[in-house]
Amino acid sequence: MTDRPVRVRFAPSPTGYLHVGGARTALYNWLFARQHGGAFVLRIEDTDRTRYVPDALTDLLDGLRWLGLCWDEGPEIGGPYGPYHQSDRLELYHQAAEDLIAKGAAYRCYCGPERLAQLREQQRASKQREGYDGHCRHLTSQQIADYEAQGIRPVVRLAVPDEGETTFHDLLRGDITVDNRQLTDLVLLKSDGFPTYSLGVVVDDHHMQISHIMRGEEWISTAPALQRIYDAFGWESPIQAHLPTILDPSGEGKLSKRKKKLADGREMPTFVREFRQAGYLPEALVNFLALVGWSYDGQTEFFRRDELIDLFDLTRVSTSAGAFSYEKLDHMNAAYIRQLGTNDLAGRLLQVLRREGYPADLGFALKAVPLVRERIKTLPDVIPLVDYCFADRLQYEPELLVQKKMDAESTMVALHKAANCLRAVSPFEEASIEAALRALAEGLDLKLGQLLGAIRVACTGKSVTPPLFGTLELIGQQKVIARLERAIALLAG
RNA sequence: GCCGCAUUCGUCUAGCUGGCCUAGGACACCGCCCUCUCAAGGCGGAGAUCGGGGGUUCGAAUCCCCCAUGCGGUACCA
Numbered sequence: 023m024t025d026r027p028v029r030v031r032f033a034p035s036p037t038g039y040l041h042v043g044g045a046r047t048a049l050y051n052w053l054f055a056r057q058h059g060g061a062f063v064l065r066i067e068d069t070d071r072t073r074y075v076p077d078a079l080t081d082l083l084d085g086l087r088w089l090g091l092c093w094d095e096g097p098e099i100g101g102p103y104g105p106y107h108q109s110d111r112l113e114l115y116h117q118a119a120e121d122l123i124a125k126g127a128a129y130r131c132y133c134g135p136e137r138l139a140q141l142r143e144q145q146r147a148s149k150q151r152e153g154y155d156g157h158c159r160h161l162t163s164q165q166i167a168d169y170e171a172q173g174i175r176p177v178v179r180l181a182v183p184d185e186g187e188t189t190f191h192d193l194l195r196g197d198i199t200v201d202n203r204q205l206t207d208l209v210l211l212k213s214d215g216f217p218t219y220s221l222g223v224v225v226d227d228h229h230m231q232i233s234h235i236m237r238g239e240e241w242i243s244t245a246p247a248l249q250r251i252y253d254a255f256g257w258e259s260p261i262q263a264h265l266p267t268i269l270d271p272s273g274e275g276k277l278s279k280r281k282k283k284l285a286d287g288r289e290m291p292t293f294v295r296e297f298r299q300a301g302y303l304p305e306a307l308v309n310f311l312a313l314v315g316w317s318y319d320g321q322t323e324f325f326r327r328d329e330l331i332d333l334f335d336l337t338r339v340s341t342s343a344g345a346f347s348y349e350k351l352d353h354m355n356a357a358y359i360r361q362l363g364t365n366d367l368a369g370r371l372l373q374v375l376r377r378e379g380y381p382a383d384l385g386f387a388l389k390a391v392p393l394v395r396e397r398i399k400t401l402p403d404v405i406p407l408v409d410y411c412f413a414d415r416l417q418y419e420p421e422l423l424v425q426k427k428m429d430a431e432s433t434m435v436a437l438h439k440a441a442n443c444l445r446a447v448s449p450f451e452e453a454s455i456e457a458a459l460r461a462l463a464e465g466l467d468l469k470l471g472q473l474l475g476a477i478r479v480a481c482t483g484k485s486v487t488p489p490l491f492g493t494l495e496l497i498g499q500q501k502v503i504a505r506l507e508r509a510i511a512l513l514a515g
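The numbering used here puts the first residue of the first sequence at 23, with every later residue one more than the last.
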């Protein structure tokens, strides 16, 4: 617990797209950095060449940027502690490994995969503790020379004492202690010359002067081993906080990267890019994610970004895993959409409509906004609310036209009068349409709902739409008249 | 198997320096109001004996112990 400057990092491996769990981890780190005027470092842990996914890095960077989590040091912008790809720092790890070997804290191991597999099998069969048996810990120089002569490329392992225990401190959970017998002589440097995660993080966090580590709780079990590495180097560990796991909406198991269906049939987004595609606003996702694992007072749930920076409290982060609630996210996203300015929302809706192939223009989008704003949870929800505007010919059951306590006859009369009435409305705008139709309903001795219900179906093909007067304006006078006439024809025969 | 972490309404959670908790808020759900349908909004309702069992105490969701369950780890993956 020193008062050195706050430096935190998000250190993903480019083995897949940016996942919400990772995004939440990044967010907490980012908030903490901003709150303390510290640095948010992005480091790419690309040490597993077998799992490398080419476009994962781009996705990661795009995702973070979309969420507004810009890094102060890292890929593309560099920084004083670079390079920020572990694959560009190999020399550093080799040096570190050599240092530990020189100190007697690590050793080269020439055991191949066959022997390790065999060992594991034996141990499992005899119910012994699984783990490396220290076979290469005390090789003679002759043995080493033999192995080298055979061309075997060694790994470097940490020599963990068999006795005693190892303790590390978690900011949220307190001291966590494990018996050293649970720890094995873990590999620090792989035979391909790349470091393992354990060596990489420790060396980099130290050299990059990281002050606080926030990462998922699935890493707790590796923490004692990391502590041993810190100790071996004689370094002080950064302050650590392990963040609770994000569970499936069912609450069973981690939110998986596998595609699952939501209750309403939509595909469950789990990658940030999918939330983006599904029409969630980044500010809503950020607000929501902040609350998965943290709460301010148990009451307040809506926070602007600057409020989050101000109020986020790392020590209040929960220790128990929580399910990801898409329903709550939808609720929150809807609230954020409602807060958007008209021009802003119109622009975003226009993008979605165009993407889906509707020939909408900005004027249309601006008119649509007040009609749909309170009715959409995500941006694409706008489509079923306005798609009929672009249809050439509406498909619907003629019976839908006939409202309660009406018949085909009276409906035809009503639609006919409505057509005449609307033909005369000028300008064809919400207010004047409303005045005309209200008067007509009264004149026909119909309830407003009956009249509007029939017109609604005739002009939209649906019995549920945004408020009708504005909707008719949006459709346009010509189309409205034509659709009314077609409806009459449908009823007639 | 072994090790670790966790356990409050269906879900996210507040509470955890013990009494103000007959456990608060939010999502979802139900009802009413508003209303041209649907929403949004307002009001109200139902919903947890705080995983179970032992303690400590005048008093425990809050402190201690045991058990159960869930999750995670147990790799030359991160």
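Quick reminder that beta carbons are idealized off the backbone N, C-alpha and C, glycines included.
On a predicted model such as this, the values are computed, not experimentally measured, just so you know.
Asked                                                                                                                     : Found
Option in A119, S35, V404, E120 with minimal Cα separation from Y380                                                      : V404
Of the listed residues E464, G173, G238, nearest to G134 (C-alpha basis)                                                  : G173
Collapsed DSSP secondary structure at K276 in the structure displayed                                                     : strand
As assigned by DSSP and simplified to three states, the class of Q150                                                     : coil
Cβ shell of Q144 (< 8 Å), same chain only, five flanking positions each side left out                                     : Q150
Sequence-distant residues of the same chain with beta carbon closer than 7 Å to G222, five excluded per side              : E67, T69, Q108, Y115
Local Cβ density within 10 Å of T292, reported as buried at 16 or more and exposed below that                             : buried
Beta-carbon contacts of F32 that lie in its chain and below 6 Å, excluding the five residues immediately before and after : A48, N51, L64
Pair within 9 Å by beta-carbon distance, V182 and D155                                                                    : no
I497: first and last residue of the uninterrupted alpha helix (DSSP H) it sits in                                         : 490 to 497
Local Cβ density within 10 Å of E495, reported as buried at 16 or more and exposed below that                             : buried
Backbone secondary structure at P217 - three-state DSSP                                                                   : strand
Residues of its chain near L82, where Cβ-Cβ distance is below 7 Å and the 5 sequence neighbours each way are ignored      : P34, P36, L40
Under the three-state DSSP convention, the category Y129 falls into                                                       : strand
Meets three-Cβ-pair contact criterion under 8 Å: the region 434 to 447 and the region 457 to 467                          : yes
Beta-carbon spacing of A480, R460 below 9 Å                                                                               : no
Bounding residues of the alpha helix (DSSP H) (the contiguous stretch that carries Q165)                                  : 163 to 171
Cα-Cα separation, V486 to G471                                                                                            : 12 Å
A514, buried or exposed, once every other Cβ within 10 Å from all chains shown has been counted against 16                : exposed
Neighbourhood of V209 by C-beta distance below 6 Å, restricted to the same chain and skipping five residues each side     : V177, R179, T218
G43 and I268 closer than 9 Å at C-beta                                                                                    : yes
Nearest residue (CA-CA) to R517, options Q165, Y103, L473                                                                 : In this structure the chain extends from 23 to 515, so residue 517 is not present and cannot be described.
F190 in three-state terms, based on DSSP                                                                                  : strand
Span separating the alpha-carbon of A312 from that of D335                                                                : 11 Å
Nearest-angstrom Cα separation, counted from C158 out to L141                                                             : 13 Å
Distance between A127 and D366 (C-alpha atoms, nearest Å)                                                                 : 60 Å
Environment of A368 [buried if 16+ CB atoms lie within 10 Å]                                                              : buried
Between the CA atoms of Q204 and A55 - distance to the nearest angstrom                                                   : 35 Å
Neighbourhood of I198 by C-beta distance below 8 Å, restricted to the same chain and skipping five residues each side     : T189, F190, H191, D192, I242, A245, P246
Buried or exposed (CB count within 10 angstroms, at least 16 for buried), I99                                             : exposed
Contact check, G96 vs Y106, beta carbons under 9 Å                                                                        : yes
Residue burial classification, Q117 (beta-carbon count within 10 angstroms, cutoff 16)                                    : exposed
Among M354, L161, L423, the one whose alpha carbon lies nearest that of T322                                              : M354
C-beta atoms of L303 and Y348 nearer than 9 Å                                                                             : no
Reduced DSSP secondary structure (H/G/I, E/B, other) of D94                                                               : coil
Limits of the unbroken alpha helix (DSSP H) element including M230                                                        : Unbroken run through M230: none, as it is neither H nor E.
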